[in-house]
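Colleague: Here the sequence shown is numbered in full-length UniProt numbering, starting from 1 and rising by one per residue.
All residues carry an ideal CB built from backbone N, CA and C; glycine is no exception.
Since we're looking at a predicted model, the values are computed, not measured.
What follows is a structure written as structure tokens; I'll ask about it next.
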Amino acid sequence: MSGLTKLLASLTPPPFVNPEEYDGLEFRWKCASVLNGIYIVFEREAYLLCAFLGYIFFFLWGRWTNKRKARTWLDAHVSVLEPQFSKPKRWTQDGYSDFFNFSTGRRNIASLHTIFTLRPRHDFFQWAFQTGRTFVDLQYRPVDDLQLDFKLFPETLAHDFVWAVVSKDELLSVKNDRWDLTWTKTTENTAIPSKFSVMSEFADVTDGVLKAFPLAKLLEDPKIAPYFRSLSITDQPRERPLKPLLPNEREKHVILTLSAPPSSHASDTAELVAAMFPFIDSLSKVALRPETKIKLKKVREENDKDIKKEAERDKKEEEAEALEAKKAAKRRAEEERIAKLSAADQKKILERERKRSIRKSQNKVAK
Numbered sequence: 001m002s003g004l005t006k007l008l009a010s011l012t013p014p015p016f017v018n019p020e021e022y023d024g025l026e027f028r029w030k031c032a033s034v035l036n037g038i039y040i041v042f043e044r045e046a047y048l049l050c051a052f053l054g055y056i057f058f059f060l061w062g063r064w065t066n067k068r069k070a071r072t073w074l075d076a077h078v079s080v081l082e083p084q085f086s087k088p089k090r091w092t093q094d095g096y097s098d099f100f101n102f103s104t105g106r107r108n109i110a111s112l113h114t115i116f117t118l119r120p121r122h123d124f125f126q127w128a129f130q131t132g133r134t135f136v137d138l139q140y141r142p143v144d145d146l147q148l149d150f151k152l153f154p155e156t157l158a159h160d161f162v163w164a165v166v167s168k169d170e171l172l173s174v175k176n177d178r179w180d181l182t183w184t185k186t187t188e189n190t191a192i193p194s195k196f197s198v199m200s201e202f203a204d205v206t207d208g209v210l211k212a213f214p215l216a217k218l219l220e221d222p223k224i225a226p227y228f229r230s231l232s233i234t235d236q237p238r239e240r241p242l243k244p245l246l247p248n249e250r251e252k253h254v255i256l257t258l259s260a261p262p263s264s265h266a267s268d269t270a271e272l273v274a275a276m277f278p279f280i281d282s283l284s285k286v287a288l289r290p291e292t293k294i295k296l297k298k299v300r301e302e303n304d305k306d307i308k309k310e311a312e313r314d315k316k317e318e319e320a321e322a323l324e325a326k327k328a329a330k331r332r333a334e335e336e337r338i339a340k341l342s343a344a345d346q347k348k349i350l351e352r353e354r355k356r357s358i359r360k361s362q363n364k365v366a367k
């Protein structure tokens, strides 16, 4: 009976202790007490509840904001994309900050891959980290990234080169994000607005691109200035390949990189996106001097040699590491086998190994 009493006593809540400093209104009923200043008792729980509700609100707001930004931009550009492609598709969502749109079926363009990589507004801690980092790293600028990746048919662009026009605000980071743009040299060009720089392998390439299409007039539009980051033409992958690419693996792309505009200005980039189609069609008119073509070909051959040499070196290192691991495993197996033998047998083996080591050292001295 005493055990049952102890069990009930443990389940019974302790009597309420009225704080000495509390002199407000109090309602009592048996062992329960409700104070006018109830926050005194539940202050910590109230803070936790507010923090939890705030996090949930931030998550819902961030998810809605990102989704609305992507949907509004695509809705504002439907009238641009649908007439161009026979198979335009609606956007798909991957998580709460990544959105995609894929379109195919146009002359000179194999496909258009539209990629939104928005800030993680749904995750308070990631968002706070990004925001806090801007105060420490002055070169770090988190943005709502929007890329339009036009994959070209091989016959669209007869020449192999890397060329780009880049906002000067992006110059510090663009080569870190794009291996292909490390092939270029950054220069100023009087034919385009001063807020942009040209990245080109050779000056002849820049002249050929700017003569084929009036790009300068397009870049002068003040509406696109806050959102334009770069426009590039490339025959190289954006990340350094581990081995030289085969001819059927090589692709040519025109990549337009923007900062996704706010929903209220989603249509500001419509004219720029629409201009990409005549721009791509004009690439077949790009004319290069014979010596420029020879230089471009030589650069690619040397790059393939370097990649091949590095791949072979890495392969040899991997093979050496695998051989060493195999030898180490064999040694461990031999040590485990010897450990199971009797003391006399172990002594014989050790003596045999000692004599073998002496003979090896003598042979080395003789040589």
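1. Select from Ile280, Ser267, Ser259, Thr269 the residue whose C-alpha is nearest the C-alpha of Lys252.
2. For Asp180 and Thr234, which I take to be in contact (beta-carbon distance under 8 Å), what is that distance rounded to the nearest angstrom?
3. Go ahead and pull the three-state DSSP assignment for Ile349.
4. With a threshold of 16 other CB atoms inside 10 Å of the CB of Ser264, please say whether the residue is buried or exposed.
5. Given this structure, state the Cα-to-Cα distance separating Phe102 from Leu323, to the nearest angstrom.
6. Classify Gly208 as helix, strand or coil using the three-state DSSP reduction.
7. Kindly indicate which three-state DSSP category Thr114 falls into: helix, strand or coil?
8. Take the Cβ of Asp268 as the centre, count every other Cβ of all protein chains shown within 10 Å, and call the residue buried at 16 or more, exposed below.
9. If I measure Cβ to Cβ from Arg68 and keep anything under 6 Å in the same chain, skipping five residues before and after, which residues do I get?
10. Helix, strand or coil for Arg250? Go by DSSP, reduced to three states.
11. For Val165, which of Leu288, Lys315, Asp75, Ile192 has the nearest alpha-carbon?
12. Please classify Ala70 as buried or exposed, where buried requires at least 16 other C-beta atoms within 10 Å of its C-beta.
13. Can you tell which of Gln130, Glu334, Lys305 has its C-alpha closest to the C-alpha of Leu245?
14. Give me the Cα-Cα distance between Arg352 and Ile307, rounded to the nearest whole angstrom.
15. With distances taken from CA atoms, which of Pro154, Leu218, Val80, Arg106 is nearest Ala266?
16. Going by CA-CA distance only, name the one from Thr65, Trp91, Trp64 that's closest to His77.
17. Identify, in the order they occur along the chain, each residue of the same chain with its Cβ nearer than 6 Å to the Cβ of Ser97, setting aside the five sequence neighbours on each side.
18. Alpha carbon to alpha carbon, what distance is there between Ala339 and Gln346?
19. From the DSSP output, read off the bridge partner residues of Ile109.
20. If you pair each beta-carbon of the region 168-176 with each one of the region 147-157, do three or more pairs fall below 8 Å?
21. Scan the region 171-242 and note each continuous alpha helix (DSSP H) run of 4 residues or more that stays entirely inside, going in chain order.
22. Taking only three categories from DSSP, how would you classify Ser167?
23. Taking the alpha-carbon positions, what's the Trp183 to Leu53 distance?
24. With DSSP collapsed to three states, give me the class of Ser147.
25. Measuring CA to CA, which of His159, Leu138, Gln84 is closest to Gly105?
Modeller: The structure says:
1. Minimum Cα distance to Lys252 is reached at Ile280.
2. The Cβ separation is near 5 Å, so the contact holds.
3. Correct three-state label for Ile349: helix.
4. Exposed, by the Cβ-count rule.
5. Computed Cα separation, rounded: 46 Å.
6. Secondary structure at Gly208: helix, using DSSP grouped into helix, strand and coil.
7. Strand.
8. Of the residues assessed, Asp268 falls on the buried side of the cut-off, its CB having 16 or more other CB atoms within 10 angstroms.
9. Excluding sequence positions up to five before and after Arg68, its CB lies within less than 6 Å of the CB of Ser263, all in the same chain and listed in chain order.
10. The answer is coil: DSSP assigns Arg250 none of H, G, I, E or B.
11. Looking at the Cα atoms, Ile192 is the closest of the given residues.
12. Per the 10 Å Cβ criterion, buried.
13. Lys305 is the residue among Gln130, Glu334, Lys305 whose C-alpha sits nearest the C-alpha of Leu245.
14. Each residue's Cα considered, the two are about 48 Å apart.
15. The shortest C-alpha separation from Ala266 is found at Val80.
16. Nearest of Thr65, Trp91, Trp64 to His77, Cα basis: Trp91.
17. Cβ-Cβ distances below 6 Å link Ser97 to Asn66, Leu118, Pro120 in the same chain, with the five nearest sequence neighbours on each side left out; the list follows chain order.
18. When rounded, the distance between both Cα atoms is 8 Å.
19. Answer is Arg106, Leu152.
20. By the Cβ rule, the region 168-176 does not count as touching the region 147-157, because fewer than three pairs are nearer than 8 Å.
21. Taking 4 residues as the minimum length, the alpha helix (DSSP H) runs contained wholly in the region 171-242 are 171-177, 203-212, 215-219, in order along the chain.
22. If DSSP states are grouped into helix, strand and coil, Ser167 belongs with the strands.
23. Straight-line Cα distance between these residues: approximately 50 Å.
24. Position check: residue 147 holds Gln in this sequence, whereas Ser was assumed. DSSP places Gln147 in strand when its eight states are reduced to three.
25. Among His159, Leu138, Gln84, the Cα nearest to that of Gly105 is on Gln84.
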